[in-house]
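Undergrad: This is the structure I have questions about; it appears just below.
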Amino acid sequence: MTKKQRKTLYRILFSAVLYAAALAAPLEGLPRLAAFLVGYVIIGGDILLKAARNIMRGQIFDENFLMSTATLGALCLGEYPEAVAVMLFYQIGELFQSCAVGKSRQSIAALMDIRPDYANVERGEQLEQVAPEDVAAGAN
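Numbering (numbering that gives the first Met the number 0), first residue to last: 0 to 139.
Right, here's the structure in full:
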């Protein structure tokens, strides 16, 4: 796991704990909003910033914009738990994707390392060691 992935995992875990605490707390009105908003900002702040930056660049409809719109809409409707949960699950999915891409890259790099360093080519009565890229198709 990379340093960035570890940082994301810690943010997810911390936000999940805050989310569970906010769900369990018997709060109403503004204190309830504040309890969920802390977890929302921790888990979704970077998504909101990316969406704003992309809008400024003219790239409006991307996944960051869609996640921001969905969760901010839920907050406006008073569905605070849903807003935090959606952002939390989105970040979990992004973390899984990042880990999968990293493992794929490692696997591809490992496959590149198993190619032979030399090839044996029969020339007349002798075997010669040559670079694999210097061997013509169909050579013995």
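Note that beta-carbon positions come from the ideal geometry of N, C-alpha and C, so glycine has one too.
List the endpoints of the continuous alpha helix (DSSP H) containing Leu126.
TA: Leu126 -> not in any alpha helix (DSSP H); beta strand (DSSP E) instead, spanning Gln125 to Val129.
Undergrad: On the CB-based measure, 16 or more other CB atoms within 10 Å of its CB, does Val129 come out buried or exposed?
TA: exposed
Undergrad: Taking the C-alpha atoms as reference points, what is the distance between Ala34 and Ala109?
TA: 46 Å
Undergrad: At a Cβ threshold of 7 Å, is Tyr89 touching chain D?
TA: In the structure shown, chain D cannot be found, because there is only a single protein chain.
Undergrad: State the Cα-Cα distance for the pair Tyr89 and Leu17, rounded to the nearest angstrom.
TA: Take the alpha-carbon of Tyr89 and the one of Leu17: they are about 17 Å apart.
Undergrad: Over what stretch of residues does the beta strand (DSSP E) that includes Arg122 continue unbroken?
TA: Ala118 to Arg122
Undergrad: To the nearest angstrom, how far is the alpha carbon of Arg150 from that of Asn53?
TA: Outside the displayed span of the chain (0 to 139) sits residue 150, for which this structure offers no information.
Undergrad: Pull up the CB-CB distance for Met66 and Ile42, whole angstroms please, since I reckon it's below 8 Å.
TA: About 11 Å; that fails the 8 Å criterion.
Undergrad: If we ignore side chains and look at the alpha-carbon of each, how far apart do Leu8 and Lys49 end up?
TA: 19 Å
Undergrad: To the nearest angstrom, how far is the alpha carbon of Ala19 from that of Phe13?
TA: 10 Å
Undergrad: What whole-angstrom Cβ distance do Leu74 and Ala84 have, given they're in contact under 8 Å?
TA: Actually they do not touch by this definition, with Cβ atoms about 12 Å apart.
Undergrad: Looking only at its own chain, which residues have a Cβ that is under 6 Å from the Cβ of Glu124, when we skip the five neighbours before and after it?
TA: none
Undergrad: Could you compute how far the alpha carbon of Arg5 sits from the alpha carbon of Lys102?
TA: 15 Å
Undergrad: Have a look at Ala99, Gln96, Arg122 and Pro131 and flag the residue whose alpha-carbon is nearest the alpha-carbon of Ile113.
TA: Among Ala99, Gln96, Arg122 and Pro131, the Cα nearest to that of Ile113 is on Pro131.
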